[in-house]
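Here's the structure, in structure tokens; my notes come after.
2 protein chains.
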Amino acid sequence: MMIIELNQRQETILQIVKDNGPITGEQIAEKLSLTRATLRPDLAILSMAGFLDARPRVGYFYTGKTGAQLLTERVKKLTVKQYQSVPVVVNESASVYDAICTIYLEDVGTLFVINGDSHLVGVLSRKDLLRASMGKQNLESVPVSIIMTRMPNITMCHEGDLLFEAANKLINKQIDGLPVVRDVEINGNIKYEVIGRITKTNMTKALVQIALDDFH
Amino acid sequence: MMIIELNQRQETILQIVKDNGPITGEQIAEKLSLTRATLRPDLAILSMAGFLDARPRVGYFYTGKTGAQLLTERVKKLTVKQYQSVPVVVNESASVYDAICTIYLEDVGTLFVINGDSHLVGVLSRKDLLRASMGKQNLESVPVSIIMTRMPNITMCHEGDLLFEAANKLINKQIDGLPVVRDVEINGNIKYEVIGRITKTNMTKALVQIALDDFH
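Chains as they are written, first to last, in full-length UniProt numbering: chain A, 1 to 216; chain B, 1 to 216.
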């Protein structure tokens with residue numbers, strides 16, 4: 001794979017094909033007062049890059065793809081599965097005190113709360129726990145189910161989701177992490193098994209890898 | 001800007017130049033049993049893309065850059081300045097209780113602590129505040145200076161730093177945000193003015209923008 005800055009003539013050719021396509025190489029050459037032979041390398045480059053397509057006896061037409069679109073296609077294709085971390089869960093009957101201990105022990109920013117069937121029922125952020133710890137209650141006697149964000153207000157994602165879409169959810173919902181879930185149908189109801197965790201830390205790592213070209 | 005997948009012949013030419021460069025176009029053509037004219041577009045493309053460089057009377061030589069390297073150069077050039085947020089600061093005499101209120105009011109994950117001269121003296125994370133809130137003290141009477149991370153243990157960055165290097169610091173130090181500082185010399189000592197904040201949220205936004213090609 002390689003990247004090329006378009007030169008002025010290539011930009012002009014692109015514009016001509018955008019405005020006039022389908023158009024033959026001969027006609028483009030005429031418009032530029034150049035010979036067909038002079039243009040051949042430019043047309044070859046623009047076709048190889050996917051900007052132009054050529055049909056026999058019809059001519060060149062514009063594919064509608066910009067170089068920038070092509071550039072970011074690789075980043076766009078990254079999936080949650082490639083970057084997710086192991087989830088850290090607590091049972092819904094655990095106390096807020098237990099949850100805070102777990103946050104420190106596991107060194108994570110977000111905990112997922114599951115019920116006795118191991119299905120996702122809630123999410124706890126550091127912010128939720130900090131708020132609770134400011135209250136007057138005894139943290140050892142308050143169950144996490146009192147303070148957690150619960151279904152159906154949990155923002156989730158799936159392993160096959162695009163990484164940048166998960167990143168967009170984190171930004172839009174102003175949260176630090178998402179559970180990665182697998183849907184299971186039980187008696188006609190959809191339940192969610194937590195199989196991963198995707199966070200702003202994972203996104204930061206992805207950014208570093210892209211900059212160092214250590215991604216696939 | 002455009003991206004091209006190298007074809008087999010271009011890959012072969014690259015390998016020949018890597019192994020034999022500097023080498024003339026004529027010599028490359030000979031090795032491939034092709035005419036110089038046939039190779040001209042390929043050599044033009046490889047040169048434009050920055051893979052090959054040509055010196056008159058010497059020939060083509062390999063620049064050592066891979067397509068992947070070129071692809072990520074744009075991401076590598078992004079700076080902290082392009083993505084930083086406004087910093088949120090508290091005075092070193094503020095109480096832990098005040099700091100927690102500020103974290104909620106400003107909705108940030110990291111606070112910077114300054115002294116009376118407005119110089120950086122500490123950093124407070126949600127984790128630091130959560131730990132403090134679990135203690136037995138009255139939070140309104142404990143100053144943040146007791147629990148903050150203090151100089152010289154603060155990881156910082158500057159506006160002109162590369163974004164991916166700041167991202168790398170966040171990952172390596174396992175922290176959520178860095179102060180962006182400006183150095184000021186006072187009586188021969190370097191002090192730091194906080195002019196910005198760069199966090200995993202900024203990194204996540206950068207990732208989304210790269211995927212949507214909304215960056216420069």
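Don't be surprised by glycine CBs; every beta carbon is placed ideally from N, CA and C.
Taking CB distances under 8 angstroms as the criterion, tell me whether residue i reaches chain B.
{"i": "phenylalanine 61(A)", "result": "no"}
{"i": "valine 142(A)", "result": "no"}
{"i": "phenylalanine 112(A)", "result": "no"}
{"i": "methionine 134(A)", "result": "yes"}
{"i": "threonine 204(A)", "result": "yes"}
{"i": "glycine 160(A)", "result": "no"}
{"i": "proline 41(A)", "result": "yes"}
{"i": "valine 80(A)", "result": "no"}
{"i": "alanine 94(A)", "result": "no"}
{"i": "valine 178(A)", "result": "According to the sequence provided, residue 178(A) is leucine. The question's valine does not apply to it. With 8 angstroms as the cut-off, leucine 178(A) does not count as an interface residue toward chain B."}
Answer with yes or no whether the minimum CB distance from residue i to chain A is below 8 angstroms.
{"i": "leucine 130(B)", "result": "yes"}
{"i": "leucine 105(B)", "result": "no"}
{"i": "alanine 54(B)", "result": "no"}
{"i": "lysine 200(B)", "result": "yes"}
{"i": "valine 75(B)", "result": "yes"}
{"i": "arginine 126(B)", "result": "yes"}
{"i": "valine 89(B)", "result": "no"}
{"i": "isoleucine 16(B)", "result": "no"}
{"i": "alanine 99(B)", "result": "no"}
{"i": "isoleucine 171(B)", "result": "yes"}
{"i": "isoleucine 45(B)", "result": "yes"}
{"i": "isoleucine 210(B)", "result": "yes"}
{"i": "asparagine 115(B)", "result": "no"}
Considering residue i, what are the terminal residues of the beta strand (DSSP E) in which it resides?
{"i": "serine 85(B)", "result": "No beta strand (DSSP E) holds serine 85(B); DSSP gives it neither H nor E."}
{"i": "isoleucine 114(A)", "result": "110-114"}
{"i": "aspartate 42(B)", "result": "Careful: aspartate 42(B) lies outside any beta strand (DSSP E), inside the alpha helix (DSSP H) at 36-48."}
{"i": "serine 133(B)", "result": "Premise fails: serine 133(B) lies in the alpha helix (DSSP H), 126-133, not in any beta strand (DSSP E)."}
{"i": "arginine 9(A)", "result": "It is not in any beta strand (DSSP E) - arginine 9(A) instead sits in the alpha helix (DSSP H) that spans 8-20."}
{"i": "arginine 105(A)", "result": "Note that residue 105(A) is leucine in the sequence shown here, rather than arginine. Taken as a continuous stretch (DSSP letters only), leucine 105(A) belongs to no beta strand (DSSP E), being part of the alpha helix (DSSP H) at 96-106."}
{"i": "phenylalanine 61(A)", "result": "59-62"}
{"i": "leucine 52(A)", "result": "52-55"}
Under 8 angstroms by Cβ, that's how I've got residue i and residue j pegged, so tell me the actual separation to the nearest angstrom.
{"i": "serine 93(B)", "j": "valine 142(B)", "result": "The Cβ separation is near 11 angstroms, so there is no contact."}
{"i": "valine 75(A)", "j": "isoleucine 210(B)", "result": "5 angstroms"}
{"i": "lysine 173(A)", "j": "histidine 119(A)", "result": "21 angstroms between Cβ atoms; not a contact."}
{"i": "isoleucine 186(A)", "j": "cysteine 157(A)", "result": "Isoleucine 186(A) to cysteine 157(A), Cβ: 21 angstroms. No contact."}
{"i": "leucine 162(B)", "j": "leucine 130(A)", "result": "With a Cβ gap of about 32 angstroms, leucine 162(B) and leucine 130(A) do not count as contacting."}
{"i": "arginine 182(A)", "j": "isoleucine 171(A)", "result": "Going by Cβ atoms, the distance from arginine 182(A) to isoleucine 171(A) rounds to 24 angstroms, so no, they are not a contact pair."}
{"i": "valine 113(A)", "j": "valine 121(A)", "result": "5 angstroms"}
{"i": "threonine 102(B)", "j": "aspartate 176(B)", "result": "Going by Cβ atoms, the distance from threonine 102(B) to aspartate 176(B) rounds to 15 angstroms, so no, they are not a contact pair."}
{"i": "proline 22(A)", "j": "phenylalanine 61(A)", "result": "4 angstroms"}
{"i": "glutamate 140(B)", "j": "tyrosine 97(B)", "result": "4 angstroms"}
Among all the DSSP beta bridges, which residues are the ones paired with residue i?
{"i": "threonine 79(B)", "result": "Leu162(B)"}
{"i": "glycine 122(A)", "result": "Val113(A) and Arg150(A)"}
{"i": "proline 143(B)", "result": "Ser95(B)"}
{"i": "valine 90(A)", "result": "Val113(A)"}
Got a sec, what are the start and stop residues for the alpha helix (DSSP H) residue i sits in?
{"i": "alanine 29(A)", "result": "25-32"}
Ranges of the beta strand (DSSP E) found wholly within the stretch 155-204 of chain A, counting only runs of at least 3: DSSP runs (the beta strand (DSSP E)) wholly in the stretch 155-204 of chain A: 177-186 and 189-199.
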